[in-house]
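Please read the structure below before turning to the comments.
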Amino acid sequence: MSKTPQTLPRDSATFTPEISAEIRRAADTGIYDIRGGGAKRKVPHFDDLLFLGASISRYPLEGYREKCDTTVTLGARFASKPIVLKTPVTIAGMSFGALSGPAKEALGRGATMAGTSTTTGDGGMTDEERGHSEKLVYQYLPSRYGMNPDDLRRADAIEIVVGQGAKPGGGGMLLGQKITERVAGMRNLPVGIDQRSACRHPDWTGPDDLEIKILEIREITNWEKPIYVKIGGARPYYDTALAVKAGADVVVLDGMQGGTAATQDVFIEHVGQPTLACIRPAVKALQDLGMHRTVQLIVSGGIRSGADVAKALALGADAVAIGTAALIALGENDPKWGAEYAALGTTADAYDDWHEGKDPAGITTQDPELMKRLDPVEAARKLRNYLAVLTLECQTIARACGKSHVHNLEPEDLCALTIEAAAMAGVPLAGTNWIPGQGGF
Numbered sequence: 002m003s004k005t006p007q008t009l010p011r012d013s014a015t016f017t018p019e020i021s022a023e024i025r026r027a028a029d030t031g032i033y034d035i036r037g038g039g040a041k042r043k044v045p046h047f048d049d050l051l052f053l054g055a056s057i058s059r060y061p062l063e064g065y066r067e068k069c070d071t072t073v074t075l076g077a078r079f080a081s082k083p084i085v086l087k088t089p090v091t092i093a094g095m096s097f098g099a100l101s102g103p104a105k106e107a108l109g110r111g112a113t114m115a116g117t118s119t120t121t122g123d124g125g126m127t128d129e130e131r132g133h134s135e136k137l138v139y140q141y142l143p144s145r146y147g148m149n150p151d152d153l154r155r156a157d158a159i160e161i162v163v164g165q166g167a168k169p170g171g172g173g174m175l176l177g178q179k180i181t182e183r184v185a186g187m188r189n190l191p192v193g194i195d196q197r198s199a200c201r202h203p204d205w206t207g208p209d210d211l212e213i214k215i216l217e218i219r220e221i222t223n224w225e226k227p228i229y230v231k232i233g234g235a236r237p238y239y240d241t242a243l244a245v246k247a248g249a250d251v252v253v254l255d256g257m258q259g260g261t262a263a264t265q266d267v268f269i270e271h272v273g274q275p276t277l278a279c280i281r282p283a284v285k286a287l288q289d290l291g292m293h294r295t296v297q298l299i300v301s302g303g304i305r306s307g308a309d310v311a312k313a314l315a316l317g318a319d320a321v322a323i324g325t326a327a328l329i330a331l332g333e334n335d336p337k338w339g340a341e342y343a344a345l346g347t348t349a350d351a352y353d354d355w356h357e358g359k360d361p362a363g364i365t366t367q368d369p370e371l372m373k374r375l376d377p378v379e380a381a382r383k384l385r386n387y388l389a390v391l392t393l394e395c396q397t398i399a400r401a402c403g404k405s406h407v408h409n410l411e412p413e414d415l416c417a418l419t420i421e422a423a424a425m426a427g428v429p430l431a432g433t434n435w436i437p438g439q440g441g442f
């Protein structure tokens, strides 16, 4: 008697094990999931673009014998003291509170050694960060935590934060276990109590008010400091245009691959657009206003390598900002702490519970014993090395494309491997001159 063939069980493509686990977690707890880091879903990114190196039709630069400049000037539109950087790679805003004091010191030291700037993030300016940062950008956020006119004047540039790529339209979080006496004092908060930052500025509701706010800050800082406006990657064309019309010197554009210390997982994965989709609309807004290269564009969100830097510049950015990558360079998610990550129920590469304050690497914590694990001098050396590699890789690609300055990279130097990337970046699909939505073959 023959047996009836059995059908193999099939996993659902909709209700994956991860989705089912999240449903069970939500049913057990009744609260949404909070985490740090950036989006984990796969979206079109810089890996989907390739450079077209020079050959006969274009002439490459010879190795390291012919100069390829990497300097960038930020904020010369209205500021009397614009920032000049040796590299087009800057350090994004990450707050003291989300990060430990030694981590903020290391970021300042490393950025200074590399000839670039770092940014305060929410929560105010620490003396260690200011003392070790040759060029420090002061973030002016909706929360106003730590904000005072004296620190505005001590900064080298001011960044008005309207949105962030990991949570456009939403505010950040800092759980009570990370609100120590020092953090609470700087933010005027009670010790040990969870806080959620405001999602919009309390004293303005639109672009006209933003213009007034920019003028107020210029008066406070005697028109010396460049004024940045940071936007999340939601509506990049209109937000960039409005920031420029309000008087910004620099626009900072943060895509959804950007990280955060803590917010709702549903924000991180389902709000905003990929970084790759945001750059060309922002550049188009600058071009339509006749402001491209006059108002600088800094792109952030998922920058990992010199190739990513070069691709962002080729699409029209003036510089990039790194956050998560900078923390990894300092020692975040290091496998040497594998046993302790495992004890937390995770792994080094997957660790994103930065809001819990239990980081074994001593970076995203306020625990005094864990903080001792991070040597800010050694961590700064590693960050400096990483920034040097990013710069050299970007230079190498620019030379291969025949460019004497990294800002001379252009969309014509690129092609795309997928239709999605070609449409988002506005460059031809490889092997064709077809840009989806723009004709060709």
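Under our numbering, think of the first position of the sequence shown as 2, with each following residue one higher. Every residue gets a Cβ at the ideal spot worked out from N, C-alpha and C, and that includes glycine.
Discussion item. Between which two residues does the beta strand (DSSP E) holding Gly-38 run?
Written reply: The residue you call residue 38 lines up with position 37 of the sequence shown. 35 to 38 is the extent of the beta strand (DSSP E) around Gly-38.
Worksheet item: Taking the DSSP output, what are the residues bridged to Phe-16?
Response: Against the sequence shown, residue 16 aligns to sequence position 15. DSSP output for Phe-16 lists no bridge partner at all.
Practice prompt. Report the option in Trp-205, Thr-264 and Gly-233 whose CA atom is closest to the CA atom of Arg-197.
Written response: Position 196 of the sequence shown holds residue 197. Nearest of Trp-205, Thr-264 and Gly-233 to Arg-197, Cα basis: Thr-264.
Practice prompt. Would you mind giving the Cβ-Cβ distance between Arg-188 and Gly-233, rounded to the nearest angstrom? I have them listed as a contact below 8 Å.
Written response: Stepping through the sequence shown from its first residue, residue 188 is reached at position 187. Stepping through the sequence shown from its first residue, residue 233 is reached at position 232. The pair is not a contact, with the Cβ atoms about 22 Å apart (cut-off 8 Å).
Worksheet item: For Leu-51, which option in Val-321, Ala-313 and Leu-375 has the closest C-alpha, if you only look at C-alpha atoms?
Response: Residue mapping note: residue 51 aligns to position 50 of the sequence shown, counting from 1. Comparing Cα positions, the closest option is Ala-313.
Discussion item. For Thr-74 and Thr-241, I'd like the C-alpha separation in whole angstroms.
Written reply: In the sequence shown, counting from the first residue as 1, residue 74 sits at position 73. In the sequence shown, counting from the first residue as 1, residue 241 sits at position 240. Distance between the alpha carbons of Thr-74 and Thr-241 is about 19 Å.
Item to complete: Note down the Cα distance separating Gln-367 from Gly-94, rounded to an integer number of angstroms.
Response: One-based indexing of the sequence shown puts residue 367 at position 366. One-based indexing of the sequence shown puts residue 94 at position 93. For Gln-367 and Gly-94, the distance between alpha carbons rounds to 18 Å.
Practice prompt. Helix, strand or coil for Thr-222, going by three-state DSSP, please let me know.
Written response: Within the sequence shown, residue 222 is the residue found at index 221, counting from 1. Thr-222 falls in the coil class under three-state DSSP.
Worksheet item: Between Ala-235 and Gln-274, is the Cβ-Cβ spacing less than 9 Å?
Response: For the purposes of this step, residue 235 is taken as the residue at position 234 of the sequence shown. For the purposes of this step, residue 274 is taken as the residue at position 273 of the sequence shown. The answer is yes: Cβ separation under 9 Å.
Practice prompt. Determine which residues share a DSSP beta bridge with Asp-414 and list them.
Written response: Against the sequence shown, residue 414 aligns to sequence position 413. Listed as beta-bridge partners of Asp-414 by DSSP are no residues whatsoever.
Worksheet entry | Sequence-distant residues of its chain with Cβ nearer than 7 Å to Ala-315 (five each side left out) | Translated into the one-based positions of the sequence shown, residue 315 becomes position 314. Hits under 7 Å: Leu-410, Glu-411, Pro-412, Asp-414 and Leu-415.
Practice prompt. Can you grab the Cα-Cα spacing for the pair Leu-331 / Asn-434, in whole Å?
Written response: Position 330 of the sequence shown, counted from the start, is the residue given in the question as residue 331. Position 433 of the sequence shown, counted from the start, is the residue given in the question as residue 434. Roughly 42 Å separates the two Cα atoms.
Fill in: Continuous alpha helix (DSSP H) stretch holding Asp-507: start and end
Past the edges of the chain, shown from 2 to 442, lies residue 507, and the structure says nothing about it.
Item to complete: Could you have a look at Ala-167 and say whether DSSP puts it in helix, strand or coil?
Response: Translated into the one-based positions of the sequence shown, residue 167 becomes position 166. Ala-167 falls in the coil class under three-state DSSP.
Worksheet item: With C-beta atoms as the reference, is Ala-99 less than 9 Å away from Gly-207?
Response: As a first step, residue 99 is located in the sequence shown; it is residue number 98 there, counting from the start. As a first step, residue 207 is located in the sequence shown; it is residue number 206 there, counting from the start. Cβ atoms of Ala-99 and Gly-207: not closer than 9 Å.
Worksheet item: From Ala-351 to Thr-72, what does the alpha carbon distance come to, in whole angstroms?
Response: Here residue 351 refers to the residue found at position 350 of the sequence shown. Here residue 72 refers to the residue found at position 71 of the sequence shown. Approximately 35 Å between the Cα atoms of the pair.
Fill in: 8 Å Cβ shell around Gly-64 - same chain, five flanking residues per side excluded
Numbered from its first residue, the sequence shown carries residue 64 at position 63. Counting only Cβ-Cβ distances below 8 Å, and skipping sequence neighbours, we find Arg-400.
Item to complete: Would you mind working out which of Ala-167, Ser-58, Thr-181 and Thr-120 sits nearest Asp-152, comparing C-alpha positions?
Response: Here residue 152 corresponds to residue number 151 of the sequence shown, with the count starting at 1. Nearest C-alpha to Asp-152: Thr-120.
Worksheet entry | Close beta carbons around Gln-165, own chain, < 6 Å, minus the five adjacent residues each side | Taking the sequence shown and counting its residues from 1, the one referred to as residue 165 is at position 164. Same-chain partners within the cutoff: Gly-233 and Asp-255.
Worksheet item: Which residue's Cα is closest to the Cα of Ala-27: Ala-167, His-133, Val-267 and Val-85?
Response: Numbered from its first residue, the sequence shown carries residue 27 at position 26. It is Val-267 whose Cα lies nearest to the Cα of Ala-27.
Worksheet item: What is the residue span of the alpha helix (DSSP H) that Thr-392 lies within?
Response: What you label residue 392 is simply residue 391 of the sequence shown in a count that begins at 1. 377 to 401 is the span of the alpha helix (DSSP H), which, as asked, contains Thr-392.
Practice prompt. Please say whether Val-300 and Ala-318 have beta carbons closer to each other than 9 Å?
Written response: One-based indexing of the sequence shown puts residue 318 at position 317. One-based indexing of the sequence shown puts residue 300 at position 299. Yes, Cβ-Cβ distance for Ala-318 and Val-300 is below 9 Å.
Worksheet item: Would the beta-carbon of Gly-76 fall within 9 Å of that of Lys-226?
Response: For this step, residue 76 is matched to residue 75 along the sequence shown. For this step, residue 226 is matched to residue 225 along the sequence shown. Going by C-beta atoms, Gly-76 is nearer than 9 Å to Lys-226.
Worksheet item: Within 8 Å: the Cβ of Trp-435 and any heavy atom of the ligand FMN?
Response: Here there are no bound small molecules, and the ligand FMN is not part of this structure.
Worksheet item: Which ranges would you report for the beta strand (DSSP E) in the segment 287 to 358 if only whole runs of at least 3 residues count?
Response: Segments of the beta strand (DSSP E) lying fully in the segment 287 to 358: 297 to 301 and 320 to 323.
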